[in-house]
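Visitor: Numbering-wise, the sequence shown is residues 16 to 148 according to this note's numbering. Every residue, glycine too, gets a C-beta built ideally from N, C-alpha and C. Right, I'll just put the structure down here and ask away after.
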Amino acid sequence: MIAPTSFTEKLLAHFQLTSPEEFIDLLYLEDTLPVDKVASCTPIILEAWGKGDEAARTIVEAELEKLVRLVVGISRQMGSEKFSLSVAGSLLTKSTDYFGTLKEKLRVVLPQVEISVPLYDPVFGAIIIGARV
């Protein structure tokens, strides 16, 4: 049996399931859950993380570590530890806690990287490009 967390009931309701084991089966055995459906539970996990849930912290920390490794890989490929990095995506641009934690983790391994969110929504760039054509 999988131990419940503070977000178990919300997660099960989100996927219309009755047990954590069903969720594990859905993720790993059935292999039919689209990535966007998995991502749709992010607000539930982030809420629990913000409230100090240990399981949520483990999930969020693992995802943040993946992002840090990705940026370190980019740094190595560029041959530079000093560059500006602009992030995109609603998780990074709308969750100040998540973005702030990412910045802290990056500061440890790549202190010279300047990380920021875009000044404008991507649609503005599309409009500018479209106007040039």
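Between the beta-carbon of residue 77 and the beta-carbon of residue 22, is there less than 7 Å?
Guide: For residue 77 and residue 22, no; Cβs fall outside 7 Å.
Visitor: With which residues is residue 100 paired in a DSSP beta bridge?
Guide: DSSP lists 130 as partners of residue 100.
Visitor: Could you work out which residue in 34, 24, 117, 60 is closest to residue 73 when comparing CA atoms only?
Guide: Cα-wise, what sits closest to residue 73 is 60.
Visitor: Excluding the 5 residues preceding and the 5 following residue 68 in the sequence, name in chain order all residues of the same chain whose CB lies nearer than 8 Å to its CB.
Guide: Same-chain partners within the cutoff: 20, 21, 22.
Visitor: Could you check which residue in 121, 30, 145 has the C-alpha nearest to that of residue 131?
Guide: Checked all of 121, 30, 145; the closest Cα to residue 131 is 121.
Visitor: According to DSSP, simplified to helix, strand and coil, what is residue 135?
Guide: Residue 135: coil per DSSP, three-state reduction.
Visitor: Label residue 43 either buried or exposed according to how many other C-beta atoms from any shown protein chain fall within 10 Å of its C-beta, with 16 as the threshold for buried.
Guide: The residue in question, residue 43, is exposed, as its Cβ has fewer than 16 Cβ neighbours within 10 Å.
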